[in-house]
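*Asks:* Before anything else, here's the structure in question.
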Amino acid sequence: MIAPGDKESNEKKLKIAIIGSGISGTANAYFLKHLFGDKVEIVIFEKSNSIGGRLATYEFNERMYEIGGSVLHPSNKYMEEFLKILDLKKKDQEEKRKSIVGLFDSNGLLFNTTGNLFGLLDKIRFLRHFGFFQLLKFKKWIRMFIKNFSKIYRLQEHGFVFNTLEEFLTKLSPELYIISQKSLENALKDLEFNKRIIYELASIACLTNYCQSIEIDGFVGLVSLAGTIDDLWAVETGNKSVPTKLVEKAGAELRLKTKVKYISKDSQESNKNSIVYETENGDEIQDNTFDYVIIAFPIFKNVIGDDFKLNFDIQEDFNNLEMQVTNTYVVYGELILFPNLPSDKRISLHCIDPKLACRSIAVQLPCDYSKKKDKNLYLNDGKKLYKIFSQEKLDENAFERIFKSDYEIIQFIPWLAYPKYEKNPNSKQIPKVILDSDRSRILYSNSLEWSSSCMEMCAISARNVANIIAAKENVLTKKFFSPKKDDIFTSNLHLMSKISSFVLISGFLFSSFYKI
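Counting in my numbering, the sequence shown tops out at residue 516, every number present.
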């Protein structure tokens with residue numbers, strides 16, 4: 001899978017280009033620095049004027065809010081570890097009793113929580129609505145997925161690499177690859193979940209997280225559903241702080257406002273790669289000195305063209321790939337969409353009908369939200385700050401159905417947020433990680449995003465690329481995760497258990513022998 005390296009490759013200083021400064025590109029820089037130390041020189045090219053890619057923040061009333069990738073799952077071990085390494089903190093969790101979650105379709109509000117009696121009544125109503133045993137089965141299924149998926153961390157610590165989605169998923173669990181080849185809707189039907197689980201709970205997860213229906217494939221659907229059974233988290237200073245600090249920690253050279261236009265194998269030296277890039281001043285510069293090039297942004301239909309070219313034939317791998325546009329609005333106003341909902345709660349509304357343009361409407365809290373300092377923020381105010389996800393652009397009539405007429409649109413970004421996952425997963429072609437199979441020197445870090453898109457998946461992809469380069473350069477992998485106290489306790493417990501078992505077995509054998 002990986003082309004063999006040179007005998008003396010570990011004695012030279014590698015020069016590596018990374019194109020893109022989102023979480024994928026910056027995590028690549030950090031992992032490479034972690035593995036190679038001072039024996040690597042990293043240059044990050046970023047066409048915009050800031051780090052972060054699809055992680056972004058905005059300011060409102062002198063406080064920062066998320067407008068890009070917003071939440072992380074507690075099982076996201078790379079992002080958790082980055083927090084420790086970069087000395088960052090988690091944002092406070094919102095108090096559930098102060099918020100209301102509602103499900104709606106074209107007929108109106110179908111179900112909503114109340115936040116009363118510390119959520120006890122909500123739990124009872126939730127169990128009655130979806131079914132106790134169905135929810136129990138659903139949670140068990142998601143937990144099994146998380147358990148299987150989490151195997152990737154131990155594998156990558158020991159140098160595991162993959163080039164295709166099939167290699168990645170079958171190593172974790174063959175069932176994960178099988179489920180990636182069918183729609184989430186069919187996967188849930190095969191497991192005999194009821195209609196409310198499928199067309200309400202699963203629908204809101206997919207429509208809110210990916211702006212797409214349950215016709216997406218089962219694997220990306222499972223990633224989306226993981227957030228329905230656990231409390232999610234975010235970084236106190238904004239998730240964008242992670243890529244910003246990763247660049248600093250990696251000591252990488254960052255070239256902002258620099259657009260890479262052409263990547264090719266160097267014609268003079270077989271192990272080198274050539275990059276043509278355009279500076280802020282419009283000057284075109286060619287650099288033939290890179291040992292490896294890492295593409296750390298999504299390539300899709302029409303991206304490869306006049307503005308970005310690769311000199312080897314991989315166009316067909318990307319012809320059928322498209323990105324999903326998610327129109328993200330931040331609106332300051334008073335909600336009138338469902339007037340019976342109480343005004344003294346923070347409201348989060350989620351659509352279950354993919355035919356409706358508006359996917360979710362939710363009160364947004366600042367990055368540095370504090371339970372103590374902000375205990376009354378957006379509770380008793382008529383006007384609140386809302387984030388809206390919509391498949392289509394909303395016009396004035398749409399906003400006036402949702403808010404009182406004195407609303408203000410604070411921000412609007414038509415994000416190319418994540419891939420458009422096909423309705424027929426069997427025909428899905430995921431691009432390979434290694435783009436030049438004869439040399440293994442031009443690598444596509446965002447390949448795995450076409451299986452599911454989230455910050456953790458980008459970090460896993462980055463670790464994979466770093467491991468591929470390390471294997472080619474005959475460099476041993478290094479442990480990334482710091483040992484936890486509970487891990488030490490568990491390993492000691494296992495050791496004690498093994499010793500105890502050995503003593504018991506020895507005693508039994510000795511006793512049996514003595515009786516003979």
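Beta carbons are placed, not taken as given, at the ideal position from N, Cα and C, and that holds for glycine. Note that this is a predicted model, so its numbers are computed, not measured.
Look at the alpha carbon of Ile100 and the alpha carbon of Leu55, and state the distance between them as a whole number of angstroms.
*Replies:* Roughly 26 angstroms between the two C-alpha positions.
*Asks:* So, is Thr279 buried or exposed, given that buried needs 16 or more other C-beta atoms within 10 angstroms?
*Replies:* exposed
*Asks:* Could you compute how far the alpha carbon of Leu443 sits from the alpha carbon of Leu435?
*Replies:* 6 angstroms
*Asks:* I'd like the span of the alpha helix (DSSP H) that includes Asp217, first residue to last.
*Replies:* Per DSSP, Asp217 belongs to no alpha helix (DSSP H) and is neither H nor E.
*Asks:* Considering just the uninterrupted stretch of the beta strand (DSSP E) at Glu81, what are its terminal residues?
*Replies:* It is not in any beta strand (DSSP E) - Glu81 instead sits in the alpha helix (DSSP H) that spans Lys77 to Ile85.
*Asks:* Do three or more CB pairs link the segment 285–300 to the segment 355–374 at distances below 8 angstroms?
*Replies:* In short, these stretches do not touch, since the Cβ pair count stays below three.
*Asks:* Counting only runs of 4+ residues fully inside the segment 157–217, write out the alpha helix (DSSP H) ranges in chain order.
*Replies:* 165–172, 174–180, 184–190 and 202–210
*Asks:* If we ignore side chains and look at the alpha-carbon of each, how far apart do Ile304 and Phe312 end up?
*Replies:* Each residue's Cα considered, the two are about 11 angstroms apart.
*Asks:* With three or more C-beta pairs closer than 8 angstroms as the rule, is the segment 399–411 touching the segment 332–351?
*Replies:* The way I'd put it, the segment 332–351 does touch the segment 399–411; three or more beta-carbon pairs between them come closer than 8 angstroms.
*Asks:* Determine the direct distance from the alpha carbon of Lys372 to that of Tyr78, and round the result to whole angstroms.
*Replies:* The alpha-carbon atoms of Tyr78 and Lys372 are separated by roughly 29 angstroms.
*Asks:* Using 8 angstroms as the cut-off, can you tell me whether the segment 205–222 makes contact with the segment 445–453, which would need three or more C-beta pairs spanning the two stretches below that distance?
*Replies:* Contact annotation: the segment 205–222 touches the segment 445–453, with at least three C-beta pairs closer than 8 angstroms.
*Asks:* Tell me, to the nearest whole angstrom, how far the beta carbon of Ser150 is from that of Ala296; I am working on the premise that it is less than 8 angstroms.
*Replies:* Going by Cβ atoms, the distance from Ser150 to Ala296 rounds to 24 angstroms, so no, they are not a contact pair.
*Asks:* Suppose the cutoff is 7 angstroms on Cβ atoms and the five residues either side in sequence are ignored; what does the same chain contact list for Ile152 look like?
*Replies:* Leu172 and Ile460
*Asks:* Should Asn273 be labelled buried (16 or more other beta-carbon atoms within 10 Å of its own) or exposed?
*Replies:* buried
*Asks:* Can you tell me whether Arg154 is buried or exposed, with buried defined as 16 or more other CB within 10 angstroms of its CB?
*Replies:* A residue is called buried once 16 or more other Cβ atoms fall within 10 Å of its Cβ, and Arg154, having fewer, is exposed.
*Asks:* Quick one: residues in its chain with C-beta nearer than 8 angstroms to the C-beta of Asp344, no 5 flanking neighbours on either side, listed in chain order?
*Replies:* Leu379 and Asn380
*Asks:* Whole angstroms is fine: what's the gap from Ile16's alpha carbon to Ile178's?
*Replies:* 36 angstroms
*Asks:* Is Asn464 near Val247, with beta carbons less than 7 angstroms apart?
*Replies:* no
*Asks:* Pick out the complete alpha helix (DSSP H) segments inside the segment 216–250, 4 residues or longer, and give them in chain order.
*Replies:* 218–225 and 241–250
*Asks:* With contact counted as at least three CB pairs below 8 angstroms, one residue from each stretch, are the segment 51–65 and the segment 259–270 in contact?
*Replies:* no
*Asks:* Within a Cβ cutoff of 6 angstroms, which residues of the same chain sit near Gly159, ignoring the five residues on either side of it in sequence?
*Replies:* Asn467 and Thr477
*Asks:* Determine contact between the segment 197–213 and the segment 40–52, defined as no fewer than three beta-carbon pairs at a distance below 8 angstroms.
*Replies:* no
*Asks:* Going by beta-carbon coordinates alone, are Leu109 and Phe338 separated by less than 7 angstroms?
*Replies:* Yes.
*Asks:* From the DSSP output, in three-state form, read off Gly119 for me.
*Replies:* helix
*Asks:* By how many angstroms is the C-alpha of Cys367 removed from the C-alpha of Ser348?
*Replies:* 17 angstroms
*Asks:* Classify Phe132 as buried or exposed, calling it buried when 16 or more other Cβ atoms lie within 10 Å of its own Cβ.
*Replies:* exposed
*Asks:* Could you check what DSSP says for Gly131 in three-state terms: helix, strand or coil?
*Replies:* For Gly131, the secondary structure class from DSSP, reduced to helix, strand or coil, is coil.
*Asks:* Does DSSP classify His34 as helix, strand or coil?
*Replies:* Here DSSP, grouped into helix, strand and coil, assigns His34 to helix.
*Asks:* For Gln324 versus Tyr418, is the C-beta spacing smaller than 7 angstroms?
*Replies:* yes
*Asks:* Are there 16 or more other CB atoms within 10 angstroms of the CB of Asn163, so buried, or fewer, so exposed?
*Replies:* buried
*Asks:* Taking Cβ positions, are Ser405 and Thr208 nearer each other than 7 angstroms?
*Replies:* no
*Asks:* Measuring only from the beta carbon, is Asp266 closer than 6 angstroms to any heavy atom that is part of the ligand NAP?
*Replies:* Ligands are entirely absent from the displayed structure, and the ligand NAP is therefore not among its contents.
*Asks:* Could you tell me the alpha carbon to alpha carbon distance between Val276 and Trp415, rounded to whole angstroms?
*Replies:* Roughly 27 angstroms separates the two Cα atoms.
*Asks:* Helix, strand or coil: which one does DSSP assign to Thr26?
*Replies:* It is helical.
*Asks:* Would you mind reading off the limits of the beta strand (DSSP E) that contains Asn397?
*Replies:* Taken as a continuous stretch (DSSP letters only), Asn397 belongs to no beta strand (DSSP E), being part of the alpha helix (DSSP H) at Glu396 to Ile402.
*Asks:* Could you tell me the boundaries of the alpha helix (DSSP H) in which Met463 lies?
*Replies:* Met is not the amino acid found at residue 463; the sequence shown has Arg there. Taken as a continuous stretch (DSSP letters only), the alpha helix (DSSP H) holding Arg463 covers Met455 to Lys472.
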